[in-house]
Amino acid sequence: MQKSVEKIEAVLNELRERTARIEGRLEELSKRIDTVNHRIDDLRAHVDKRIDGLKWFFYVTWGSHGAFSLPY
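Just so we're aligned: the sequence shown equals residues 127 to 198 in our numbering.
If you want it as structure tokens, here you go:
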């Protein structure tokens, strides 16, 4: 009976250790995902800025001559 209790305690301790490692990995992955999301937001803002610049370029280049008009 004592040996089975010791085995159960050993298994529980191992499960606690594994759970702690998994929680650590999940926290690390969560931080990485946040970093990727912030980077995507930064890149999206940069692309939007470039698109706006191109819209202005096309408008200035062709828009004033009537050959090109922005749909916006």
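Every residue, glycine too, gets a C-beta built ideally from N, C-alpha and C.
inquiry  = Rounded to whole angstroms, what is the Cα-Cα separation between R144 and F183?
reply    = 58 Å
request  = Taking G150 as part of the alpha helix (DSSP H), name the residues at either end of that continuous run.
outcome  = Membership of G150 in the alpha helix (DSSP H) is indicated by the continuous run 128 to 188.
request  = Taking only the alpha-carbon atoms, compute the straight-line gap between L152 and H172 and give it to the nearest angstrom.
outcome  = Distance between the alpha carbons of L152 and H172 is about 30 Å.
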